[in-house]
Amino acid sequence: MKEILERLIADFLPEGTRFVVEHPTNLAFGDYSTNAGIVSKKAVELLEYLEKNKPEGIEWVENKNGFINFYLTKEFFKKSLSEIIDKGREFGKNESLKGEKTIVEYTDANPFKEFHIGHLMSNTVGESIARLFEWNGAEVKRASYQGDVGLHVAKAVWGIMHNEKDPYPAGAKAYEESEEIKKEIQDINRKIYDKSDPEINKLYEEGRKKSLDGFLTIYRRLGTEFDYFFFESETAEIGKKIVLENPGVFVESQGAIVFNAAEHDSSLHTRVFINSDGLPTYEAKELGLAKVKAEKYSYTKSVVITGNEVNDYFRVLLQAMKLIFPELAARTKHLSHGMLRLFSGKMSSRTGDVITAESLIEEVKAKTMDNEQVAIGAIKYMILRSNIGGDIVFDIDKSVSTEGDSGVYLQYAHARANSLLEKAKDLSQPSPWQGEGEGEVRPIEKLLYRFPEVVARALEDYAPHHIVTYLTELASSFNNFYAHEQVIGDSPESNYRLAIVEAFKVVMKNGLNVLGIPAPERM
RNA sequence: GUCCCCGUAGCUUAAUGGAUAAAGCAGGACUCUUCUAAGGUCUUGAUGUAGGUUCGAUUCCUGCCGGGGACACCA
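In my numbering, the protein residues as written are 1 to 523.
Below, the structure is given as structure tokens:
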């Protein structure tokens, strides 16, 4: 419809006039609206022309303050309901990225360390981005990149050797407090790298496996299934080699090999790629990772999701990549999320400052009648409801409030709709889309058909929160409808209402699916 | 100090350059003998500041004020 209107208006106006056709923010200004009348200063003539050439599906057109507003016919809404119901689980999908191969890297938890709320944040954002690509037709691979070597691992292994309950924090603390232990841990670090000590190898392998198994459990709870796991132990040497093979890009400085990014972009800074001990830093490993990824999966797009504290670092890295692997750099998109901060500091944490994802889920669960799906939904909703770049202030009480904007609100509306459909089925209420619409078109009808557009826009902006905003508004319109109209009954009107319920359930379920939020049938 | 990001209601957040800035929480008033009250209805309340571009600026540009992050061998 948008395209039809755009073409129609463009035919009338002088060549090259810039205007937009959009859904006005306020439903009182029609279903579609254009500023073409203002831009061209021909609102009156344009309205006359559009009234004469009204396309099918448009009931009437008006001129308000120069904006031309279009109102869709009842028939349009009736048809859209049956389309939604027919398409079911497929409704909202499009094929704009057909043929595209996307790899999305997120979560990036480190073996031997806690899976904390930062990882939970990354996982939630990454999963919904991955799903958005799928819903827009791309083939998607999910990847996690994990730091299985390095000082943090040595600290944890030291902790295991000393039978600490939480090995990493204990090792990290000891490392800071004792020079002697610091040397011991550095020694362990070397031994892990060169695998020279059988006892340490054994502890390392056992600990690594235990840790990775633990991650799998939490990924399952969160609804993520990774296709690839990449490890720093495999990217390190490759990355180092890449750096050494590109002497024109990197220079030696104070014993290290660095990249002077400022030479290419004055807003960037210099970073070390190989340290003075000859070990590759995270930067070099990341170059190695880009290569490893491309060899494993010939992607057309690589999305990397991290916390925003590494934004500047990533800009430097992309600049270096641009010089070495220009075609890979052009396909790489870095997306960052903010920090997850807790509003009330009542979180229980047995490991000092770090709050684990598991403890957060359990705390929320305790407030939701022990309902895992509701707890996960509440947390994910809080993370996805606003733009992904900013920090999330997580109020543990409000996030699971029984009132207002929340995951619970969406899930509850969905469960309610399901309950109505089950009742109608028991009573053999007739095929809903054969019902008749009556009276004014309801706000919920004016929202339902827009879902596919929201999915497309959310990907375009890398903004899952567009879906959240839309679903929240949709759930609100559904609850209002539910409170004021009787659905179960044997009149043509109630059959039409049932069709609305069914279409709503389809859209809500699909929308929650895009977000990676569970949609329970009953609550 | 340099570079990047961010300032919207008391709080947490929306708003592809458009119309009366949209919600939730908190505060006030209602609403279950009817399909799930984890719901619904009404109500109080906001664009940091000074300019600029534009028919039109929360949105784009500049200065200032305030907050956060990064700035060489951690990731």
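Even glycine gets a Cβ: it sits at the ideal position worked out from N, Cα and C. A quick note: this is a predicted structure, and the numbers were derived from the prediction, not measured.
request  = Sort GLU75, PHE226, LYS52, ASN65 by Cα distance to GLY126 and report the nearest one.
outcome  = Of the listed residues, the one whose Cα sits closest to GLY126 is PHE226.
ask   = Where does ASN65 sit, in a helix, a strand or coil, going by DSSP?
value = coil
query = Closest to PRO167 by CA distance: which of LYS195, TYR204, ALA236 is it?
reply = TYR204
key: Cβ pair LEU335, VAL303 closer than 8 Å   = yes
request  = To the nearest angstrom, report how far apart SER348 and GLU362 are at their CA atoms.
outcome  = A caution first: SER348 carries a pLDDT of 37, below 50, which makes its placement in the model too unreliable to give a value.
query = Which one or two residues does DSSP pair with SER253 in a beta bridge?
reply = ALA256
With 16 other Cβ atoms within 10 Å as the buried cut-off, status of TRP60 = exposed
For GLU134 and MET523, the rounded distance between their alpha carbons = 28 Å
ask   = Considering only residues of the same chain and omitting the five flanking positions on each side of GLY88, which have a CB-CB separation below 8 Å?
value = VAL506
For ARG18, three-class secondary structure by DSSP = ARG18 sits in coil when the DSSP states are folded into three classes, being neither helix nor strand.
ask   = By the 10 Å Cβ neighbour count, where 16 or more other Cβ atoms means buried, how is ASN189 classified, buried or exposed?
value = Counting Cβ neighbours within 10 Å, ASN189 comes out buried, since at least 16 surround it.
query = Can you tell me where the alpha helix (DSSP H) with TYR49 in it begins and where it stops?
reply = 43-52
request  = Provide the residue span of the beta strand (DSSP E) that contains GLN486, from first to last.
outcome  = No residue range can be given for GLN486, since it is assigned to no beta strand (DSSP E) and is classified by DSSP as neither H nor E.
ask   = Rounded to the nearest angstrom, how far is the Cβ of PHE112 from that of HIS152, given a contact under 8 Å?
value = 7 Å
task = Could you give the DSSP three-state label for PRO464: helix, strand or coil?
result = Of the three classes helix, strand and coil, the one that applies to PRO464 here is coil, per DSSP.
Option nearest ASN275 by Cα separation, candidates GLU295, GLY16, GLU252 = GLU252
key: Span of the alpha helix (DSSP H), counted from its first residue to its last, around THR124   = 117-135
message = Under 8 Å, with one C-beta from each stretch per pair, do the region 70-81 and the region 441-453 reach the 3-pair mark?
response = yes
message = Within 8 Å, do at least three Cβ pairs link the region 90-110 to the region 449-467?
response = yes
request  = Between the Cα of ALA143 and those of GLU83, THR306, SER96, spot the shortest distance and give me the residue it belongs to.
outcome  = Cα-wise, what sits closest to ALA143 is THR306.
message = Excluding the 5 residues flanking LYS272 on each side, which residues of the same chain have their C-beta closer than 6 Å to its C-beta?
response = One detail in the question is off: residue 272 reads as Val in this sequence, not Lys. Cβ neighbours of VAL272 beyond the five flanking positions: ALA256, VAL258, THR281.
task = Entirely within the region 270-345 and at least 4 residues each: give me those alpha helix (DSSP H) ranges in chain order.
result = 282-296, 311-324, 326-331
ask   = Per DSSP, ALA143 forms a beta bridge with which residues?
value = GLU105, TYR228
request  = Write down the C-beta distance between PHE215 and ALA109 rounded to the nearest angstrom, noting that I regard them as a contact closer than 8 Å.
outcome  = 6 Å
task = Identify every residue that forms a DSSP beta bridge with PHE394.
result = LEU342
Those residues which DSSP pairs with LEU203 across a bridge = Beta-bridge pairing links LEU203 to no other residue.
query = Name the DSSP bridge partner or partners of LEU72?
reply = ILE58
ask   = Touch check for the region 9-23 and the region 32-41: three-plus C-beta pairs under 8 Å?
value = Counting Cβ pairs under 8 Å, three or more are found: they touch.
inquiry  = For ALA174 and LYS182, I'd like the C-alpha separation in whole angstroms.
reply    = 7 Å
Alpha-carbon to alpha-carbon, SER359 and LYS365 = 10 Å
ask   = In three-state DSSP terms, what is THR34?
value = strand
key: Among VAL408, GLU3, PHE12, nearest to GLU51 - alpha-carbon criterion   = PHE12
query = In chain order, what residues of the same chain have a beta carbon less than 8 Å from the beta carbon of ALA463, not counting five sequence neighbours either side?
reply = ASN387, ILE388, ARG457
inquiry  = So, with DSSP's three-state summary, where would you put THR356?
reply    = strand
inquiry  = Here's a check: name, in chain order, each residue in its chain whose Cβ is nearer than 8 Å to the Cβ of ILE324, leaving out the five neighbours to either side.
reply    = ILE242, ASN246, VAL249, LEU287, listed in sequence order.
key: Backbone secondary structure at ARG7 - three-state DSSP   = It is helical.
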